[in-house]
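Scroll down for the structure; my scribbles are underneath it.
Protein chains: 2
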Amino acid sequence: MNGELNTLADTDASTEAVRIERPTLHNVVVTRIRDMIIEGRIPVGARIHEGQLCQQLGISRTPLREALKVLASEGLVDLVPSRGAMVRKLTRKDARDMLDVLSHLEAMAGPLTCQNATDEEIREVRSLHDQMLEFYKTRERLPYFKLNQQIHTLLISLAGNESLCLVHDILQTRMKRIRFIGDQKEESLLAAVRDHEEMMEALEARDGERLSAAMVNHLRGTWERIKNAI
Amino acid sequence: MNGELNTLADTDASTEAVRIERPTLHNVVVTRIRDMIIEGRIPVGARIHEGQLCQQLGISRTPLREALKVLASEGLVDLVPSRGAMVRKLTRKDARDMLDVLSHLEAMAGPLTCQNATDEEIREVRSLHDQMLEFYKTRERLPYFKLNQQIHTLLISLAGNESLCLVHDILQTRMKRIRFIGDQKEESLLAAVRDHEEMMEALEARDGERLSAAMVNHLRGTWERIKNAI
DNA sequence: CTCCTGAATTCTGCATTCAGAATTTTACAT
DNA sequence: ATGTAAAATTCTGAATGCAGAATTCAGGAG
Numbered sequence: 292m293n294g295e296l297n298t299l300a301d302t303d304a305s306t307e308a309v310r311i312e313r314p315t316l317h318n319v320v321v322t323r324i325r326d327m328i329i330e331g332r333i334p335v336g337a338r339i340h341e342g343q344l345c346q347q348l349g350i351s352r353t354p355l356r357e358a359l360k361v362l363a364s365e366g367l368v369d370l371v372p373s374r375g376a377m378v379r380k381l382t383r384k385d386a387r388d389m390l391d392v393l394s395h396l397e398a399m400a401g402p403l404t405c406q407n408a409t410d411e412e413i414r415e416v417r418s419l420h421d422q423m424l425e426f427y428k429t430r431e432r433l434p435y436f437k438l439n440q441q442i443h444t445l446l447i448s449l450a451g452n453e454s455l456c457l458v459h460d461i462l463q464t465r466m467k468r469i470r471f472i473g474d475q476k477e478e479s480l481l482a483a484v485r486d487h488e489e490m491m492e493a494l495e496a497r498d499g500e501r502l503s504a505a506m507v508n509h510l511r512g513t514w515e516r517i518k519n520a521i
Numbered sequence: 292m293n294g295e296l297n298t299l300a301d302t303d304a305s306t307e308a309v310r311i312e313r314p315t316l317h318n319v320v321v322t323r324i325r326d327m328i329i330e331g332r333i334p335v336g337a338r339i340h341e342g343q344l345c346q347q348l349g350i351s352r353t354p355l356r357e358a359l360k361v362l363a364s365e366g367l368v369d370l371v372p373s374r375g376a377m378v379r380k381l382t383r384k385d386a387r388d389m390l391d392v393l394s395h396l397e398a399m400a401g402p403l404t405c406q407n408a409t410d411e412e413i414r415e416v417r418s419l420h421d422q423m424l425e426f427y428k429t430r431e432r433l434p435y436f437k438l439n440q441q442i443h444t445l446l447i448s449l450a451g452n453e454s455l456c457l458v459h460d461i462l463q464t465r466m467k468r469i470r471f472i473g474d475q476k477e478e479s480l481l482a483a484v485r486d487h488e489e490m491m492e493a494l495e496a497r498d499g500e501r502l503s504a505a506m507v508n509h510l511r512g513t514w515e516r517i518k519n520a521i
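Set out below in structure tokens:
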């Protein structure tokens with residue numbers, strides 16, 4: 292029926308001998324819908340019709356509804372009893388508040404990451420960073436954006452604190468849609484890339500305070516970039 | 292069949308004319324199971340049998356499964372594909388990490404709460420605090436514990452940052468079970484109560500830094516109280 | 001007695017179905 | 001023509017059913 296669904300079905304065609312991770316349908320659906328929301332393919336405030344969406348995804352309502360519950364607990368959608376789900380609308384204050392919390396979390400992570408990351412891991416970050424720069428130069432928006440997010444996530448996870456990672460990820464995910472829409476202007480992109488350069492250098496120098504400062508500064512910049520787009 | 296279930300059905304027997312909040316079954320179930328886990332009525336690491344539990348609650352598997360997905364995304368249970376759910380076992384490091392993050396979050400909240408809370412709201416905290424002291428004196432463990440948690444939640448929410456509230460709540464909920472089991476010894480309880488006194492005074496003096504310090508110190512104490520109970 | 005193999009049972013994952021709430025449409029009165 | 005009421009439709013919430021994976025248990029070989 293819809294070719295798009297294939298990506299749901301053939302989870303791991305490359306299965307050879309090792310196969311520990313076997314994604315369940317609802318997990319895939321969570322990720323899928325999350326992406327749709329982030330990339331704006333489901334408009335903000337729009338009511339999500341279960342029947343329509345599950346037909347679109349080629350699944351039944353059961354796993355879809357499970358996914359919506361999860362997304363609701365992540366704060367991406369609002370779930371009104373008997374009236375279904377809608378993409379959550381973020382106010383300016385919501386965004387501002389999230390960035391404040393993210394600042395504190397990233398400030399916490401800076402020294403930890405510089406202390407705990409191995410040289411090998413730092414090289415990985417550098418590698419992602421360089422790839423990102425490439426996409427920046429060629430103006431490939433989506434890959435650039437995804438690598439950008441990946442770097443942030445990695446920087447936090449290198450701190451070695453799983454809970455920090457978790458809560459950071461929740462807030463970061465909520466911000467993604469706004470960021471994706473906000474980072475449009477040329478000078479904004481340039482400023483963001485410069486911030487990343489500074490973060491990268493701080494990490495390679497293993498200067499925790501400097502990394503913290505750079506990340507906090509980057510988030511301040513993020514606010515400037517998005518505040519008028521909400 | 293089971294009298295306990297009634298609390299699921301008659302959600303609001305006192306319904307008169309206003310009835311905006313109508314809890315859905317799965318929401319009630321989330322809360323219910325969460326409490327069961329926190330209070331240790333489902334042992335840690337125990338596999339949760341869907342059929343058994345939903346019979347126990349008198350509901351079908353559908354809302355139960357939805358609830359489990361939500362609890363999994365909160366990190367209270369682990370969900371292994373085809374193998375069901377089990378209560379997540381926290382390691383010492385998990386607990387330590389959570390407390391570290393909570394420290395940063397509460398340190399962030401201190402000044403904000405002192406700045407944003409109204410006099411009325413501060414009086415409310417005081418009221419809860421005094422009630423809690425009563426339960427401490429009469430050794431009523433569960434009410435004491437619940438008020439204690441409520442005070443922490445309120446202190447954070449008075450900061451006026453919804454995201455801060457959210458992530459704090461997620462981590463706090465995860466810790467609840469450990470805390471509930473850990474806070475057993477007499478001198479531990481006394482120390483915790485003293486910490487709360489200090490927090491209370493700092494808040495009433497609207498001294499943000501002092502409140503932050505008191506809360507961070509309290510969490511340090513929490514670690515001492517629980518670290519041997521894991 | 002222990003270990004391996006495979007049948008039987010149990011349990012999960014997803015689809016389908018049913019009941020009730022919300023929304024839309026339609027008919028009627030003013 | 002407009003506003004209201006009621007019927008019809010649509011949609012959500014929850015239960016049930018079914019297929020396949022995982023666990024358990026029985027039996028036989030070493």
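For the protein sequence lines, the chains are H and G, in the order given.
So for the first sequence, our numbering puts the first residue at 292; every next one is plus one.
So for the second sequence, our numbering puts the first residue at 292; every next one is plus one.
Each residue gets a CB set at the ideal place from its N, CA and C atoms; glycine is no exception.
Just the Cα atoms here: how many angstroms apart are G:D498 and G:E412?
Within the second sequence, residue 498 of chain G is the residue found at index 207, counting from 1. Within the second sequence, residue 412 of chain G is the residue found at index 121, counting from 1. Between G:D498 and G:E412, the C-alpha separation is close to 15 Å.
List, in order along the chain, the chain G residues whose C-beta lies closer than 9 Å to that of H:E500?
As a first step, residue 500 of chain H must be located in the first sequence, where it is residue number 209. Under the 9 Å cutoff, chain G gives no residues; its nearest Cβ is about 15 Å from H:E500.
DSSP beta-bridge partners for G:V371?
Within the second sequence, the letter at position 80 stands for residue 371 of chain G. Beta-bridge pairing links G:V371 to G:G375.
Residue closest to G:L481, alpha-carbon to alpha-carbon, out of G:I333, G:N439, G:L455, G:Q346
Position 190 of the second sequence, counting from 1, holds the residue named residue 481 of chain G. Comparing Cα positions, the closest option is G:N439.
For H:I339, the three-state DSSP class (helix, strand or coil)
On the first sequence, residue 339 of chain H is found 48 positions in, with the first residue counted as 1. DSSP places H:I339 in strand when its eight states are reduced to three.
Which chain H residues are close to G:L315, counting only those with a beta carbon under 7 Å from its beta carbon?
Within the second sequence, numbered from 1, the residue matching residue 315 of chain G stands at position 24. The residue you asked about is not Leu; residue 315 of chain G is Thr in the sequence shown. Taking the beta carbon of G:T315 as reference, the chain H residues within 7 Å of it are P372, listed in sequence order.
Please confirm if H:A376 has its CB atom under 9 Å from at least one CB of chain G.
The residue given as residue 376 of chain H occupies position 85 in the first sequence. H:A376 is outside the set of residues whose beta carbon lies under 9 Å from a beta carbon in chain G.
Local Cβ density within 10 Å of H:A304, reported as buried at 16 or more and exposed below that
Indexing the first sequence from 1 puts residue 304 of chain H at position 13. Caution is warranted here: a pLDDT of 36 is assigned to H:A304, below 50, making its placement in the model unreliable, and no coordinate value can be reported.
Pairwise C-alpha distance: G:R501 and G:S364:
For this step, residue 364 of chain G is matched to residue 73 along the second sequence. For this step, residue 501 of chain G is matched to residue 210 along the second sequence. Rounded to whole angstroms, G:S364 and G:R501 show a C-alpha spacing of 34 Å.
Can you list the residues of chain H that G:H443 reaches, using a CB-CB cut of under 8 Å?
If you number the second sequence from 1, residue 443 of chain G lands on position 152. Result: empty, since nearest Cβ-Cβ is about 16 Å, beyond 8 Å.
Please confirm whether G:R356 has its beta-carbon closer than 9 Å to some beta-carbon of chain H.
Taking the first residue of the second sequence as position 1, residue 356 of chain G is located at position 65. Interface residue, yes.
For G:L449, decide whether its Cβ has a neighbour in chain H, counting only Cβ atoms nearer than 9 Å.
One-based indexing of the second sequence puts residue 449 of chain G at position 158. Not one chain H Cβ lies under 9 Å of G:L449.
CA-CA distance, H:N508 and G:D388?
The residue you call residue 508 of chain H lines up with position 217 of the first sequence. The residue you call residue 388 of chain G lines up with position 97 of the second sequence. The alpha-carbon atoms of H:N508 and G:D388 are separated by roughly 25 Å.
Give the C-beta separation of H:V378 and H:G336 to the nearest angstrom, bearing in mind that I take them to be a contact with Cβ-Cβ under 8 Å.
Translated into the one-based positions of the first sequence, residue 378 of chain H becomes position 87. Translated into the one-based positions of the first sequence, residue 336 of chain H becomes position 45. Going by Cβ atoms, the distance from H:V378 to H:G336 rounds to 6 Å, so yes, they are a contact pair.
What is the residue span of the alpha helix (DSSP H) that H:D385 lies within?
Residue 385 of chain H sits at position 94 when you count from the first residue of the first sequence. For H:D385, the enclosing alpha helix (DSSP H) starts and ends at 383–407.
Within a Cβ cutoff of 7 Å, which residues of the same chain sit near G:L455, ignoring the five residues on either side of it in sequence?
If you number the second sequence from 1, residue 455 of chain G lands on position 164. Cβ within range, chain order: L396, M399, A400, I447.
Does any CB atom of chain G fall closer than 9 Å to the CB of H:S479?
Within the first sequence, numbered from 1, the residue matching residue 479 of chain H stands at position 188. At least 9 Å separates the CB of H:S479 from every CB of chain G.
Cross-chain neighbours of G:M389 in chain H, by beta carbon under 7 Å:
Locating residue 389 of chain G in the second sequence gives position 98, where the first residue counts as 1. Correct list: S454.
Can you list, in chain order, the residues of its chain with a C-beta nearer than 7 Å to that of H:G512? Leave out the 5 residues immediately preceding and following it.
Counting from 1 along the first sequence, the entry for residue 512 of chain H is found at position 221. Taking C-beta separations shorter than 7 Å and ignoring five residues to either side along the sequence, the partners of H:G512 in its chain run A482, A483, D486, following chain order.
For G:R516, name the three-state secondary structure that DSSP assigns.
Counting from one through the second sequence, the residue named residue 516 of chain G turns up at place 225. In this structure, G:R516 counts as helix in the three-state DSSP scheme.
Would you kindly work out how many angstroms separate the C-alpha atoms of G:T382 and G:D369, rounded to a whole number?
Mapped onto the second sequence, residue 382 of chain G falls at position 91. Mapped onto the second sequence, residue 369 of chain G falls at position 78. Separation of G:T382 and G:D369 (C-alpha to C-alpha, rounded to the nearest whole angstrom) is 14 Å.
At least one CB of chain G closer than 9 Å to the CB of H:R407: is that the case?
If you number the first sequence from 1, residue 407 of chain H lands on position 116. A small fix is needed here, since residue 407 of chain H is Asn in this sequence, not Arg. No, its Cβ sits nowhere closer than 9 Å to a Cβ of chain G.
If we ignore side chains and look at the alpha-carbon of each, how far apart do G:R352 and H:R470 end up?
Translated into positions along the second sequence, residue 352 of chain G becomes position 61. Translated into positions along the first sequence, residue 470 of chain H becomes position 179. Between the C-alpha atoms of G:R352 and H:R470 there is a straight-line separation of about 38 Å.
Can you check whether the C-beta of G:E365 is within less than 9 Å of a C-beta belonging to chain H?
Within the second sequence, residue 365 of chain G is the residue found at index 74, counting from 1. Yes - at least one Cβ of chain H is within 9 Å of the one on G:E365.
Would you say G:R465 reaches chain H, if we count a Cβ-Cβ gap shorter than 9 Å as a contact?
Here residue 465 of chain G refers to the residue found at position 174 of the second sequence. Judged by the 9 Å Cβ criterion, G:R465 is in contact with chain H.
Put G:I350 into one of helix, strand or coil per three-state DSSP.
Sequence index remark: in the second sequence, residue 350 of chain G carries index 59 (1-based). The answer is coil: DSSP assigns G:I350 none of H, G, I, E or B.
Apart from the five residues on each side of it in sequence, which residues of its chain come closer than 8 Å, Cβ to Cβ, to G:P402?
Within the second sequence, the letter at position 111 stands for residue 402 of chain G. Excluding sequence positions up to five before and after G:P402, its CB lies within less than 8 Å of the CB of G499, E500, L502, S503, all in the same chain and listed in chain order.
On the three-state DSSP scale, how would you describe H:K355?
Counted from its first residue, the first sequence places residue 355 of chain H at position 64. Sequence check: residue 355 of chain H is Leu here, not Lys. H:L355 falls in the helix class under three-state DSSP.
If distances are taken between C-alpha atoms only, which option among G:R417, G:K428, G:P434 comes closest to G:E492?
For the purposes of this step, residue 492 of chain G is taken as the residue at position 201 of the second sequence. Proximity to G:E492 across G:R417, G:K428, G:P434 peaks at G:R417, based on C-alpha coordinates.
Go to G:L316, then tell me how far its alpha helix (DSSP H) extends in each direction, as first and last residue.
Counting from 1 along the second sequence, the entry for residue 316 of chain G is found at position 25. Counting along the chain, G:L316 sits inside the alpha helix (DSSP H) bounded by residues 316–329.
Assuming contact is defined by CB atoms lying nearer than 9 Å, are G:L359 and H:I461 in contact in what I supplied?
The sequence position of residue 359 of chain G within the second sequence is 68, counting from 1. The sequence position of residue 461 of chain H within the first sequence is 170, counting from 1. A distance of 9 Å or more separates the beta carbons of G:L359 and H:I461.
Let me know the alpha helix (DSSP H) ranges lying completely inside the region 430–488 of chain G, each 4 residues or longer, listed in chain order.
Unbroken alpha helix (DSSP H) stretches of 4 residues or longer found wholly inside the region 430–488 of chain G: 432–448, 453–473, given in chain order.
Where G:K421 falls: helix, strand or coil (DSSP):
The residue given as residue 421 of chain G occupies position 130 in the second sequence. According to the sequence provided, residue 421 of chain G is Asp. The question's Lys does not apply to it. If DSSP states are grouped into helix, strand and coil, G:D421 belongs with the helices.
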